[in-house]
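Heads up, the thing below is written out as structure tokens.
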Amino acid sequence: MLGLEPDAWQAVALSLRVSLCATAASLPIGIFVAYALARWEFPGRQALNGIVHLPLILPPVVTGYLLLLTFGRQGPVGAFLEATFGISFAFNWTGAALAAAIMAFPLMVRAIRLSVEAMDPGLEQAAATLGASSIRVFLTITLPLMLPGILTGSILAFAKAMGEFGATITFVSNIPGRTQTLPSAVYAFLQVPGAEGTAIRLVLISVAIAMGALVASEVLARRAARRMGTR
């Protein structure tokens with residue numbers, strides 16, 4: 001199909017797997033962090049905001065190297081996880097998912113935070129006045145109103161994870177069938193004489209997936225907003 005070799009399709013499949021896992025794993029944390037930054041005042045709030053957005057500022061290679069130092073087999077967290085739970089991130093697809101999640105996390109948090117800041121706090125206050133608990137207010141009022149931002153943030157994070165390259169190749173290398181994602185495969189095929197055609201086809205697949213994700217983000221966000229009566 002499309003004249004691609006099995007190794008190329010493995011890279012596409014692995015990228016989809018990595019991106020889906022990265023998005024799903026970071027979503028609960030993203031919702032919590034976005035809500036905290038939008039609604040709560042606490043010591044270290046600006047520091048947390050800076051840490052969240054740090055991957056957007058740092059070169060991706062630096063982020064990947066920091067991940068290697070922290071979650072590598074000789075790193076403090078990586079050594080503990082491997083010795084205690086048998087979990088290894090370095091040079092494994094799970095490490096690619098971790099790198100993709102960290103690089104995409106700022107986009108997710110930003111989209112969800114904007115949706116929280118656009119909400120009318122009076123709705124939550126009214127529900128609390130009527131006797132609803134804080135958990136019930138969050139689940140029945142706050143979370144549904146956040147839905148457009150959650151959808152937008154999730155899909156943008158997925159698209160960003162699909163295109164992540166610098167942090168991933170630094171942290172988990174470029175091992176075909178194991179850690180070689182779509183961007184890494186494009187880079188690898190560009191180094192092989194005569195393989196430019198395969199690289200171009202992979203680029204077209206990457207563009208199609210990214211554009212599809214962006215269109216889906218807009219459509220789903222608009223539908224969710226209409227259902228909630230906010231637009």
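For the sequence shown, counting from 1, position 182 maps to 182 in the UniProt record's numbering; every step adds exactly one.
Yeah, the Cβ is synthetic: ideal placement off N, Cα and C, and Gly gets one too.
Counting C-beta atoms within 10 angstroms of its own C-beta, P148 has 16 or more neighbours from the protein chains shown and is therefore classed as buried. Rounded to whole angstroms, the gap between the alpha carbons of A79 and V172 is 15 Å.
In this structure, V18 places its C-beta atom within 8 Å of the C-beta atom of A161.
A check of alpha carbon separations from F71 across L56, H53, I51 and A99 identifies A99 as the nearest. In this model, P144 and I31 are separated by some 12 Å (Cα to Cα). With respect to the C-alpha of G163, the residue from L20, A126, P6 and R223 having the closest C-alpha is L20. Under the three-pair Cβ rule at 8 Å, the segment 112-119 counts as touching the segment 131-146. Distance from the Cα of F91 is smallest, within the candidate group L66, A22, A83 and T168, for T168. The Cβ-Cβ distance between P55 and M108 does not fall below 8 Å. Across the structure, L81 and A101 are spaced so that their CA atoms are roughly 18 Å apart. Contact fails between the segment 32-43 and the segment 174-186, because fewer than three Cβ pairs, one in each stretch, are under 8 Å apart. Between T170 and Y65, the C-beta spacing is below 8 Å. The C-beta distance from V61 to F105 rounds to 18 Å, too long to meet the 8 Å contact threshold.
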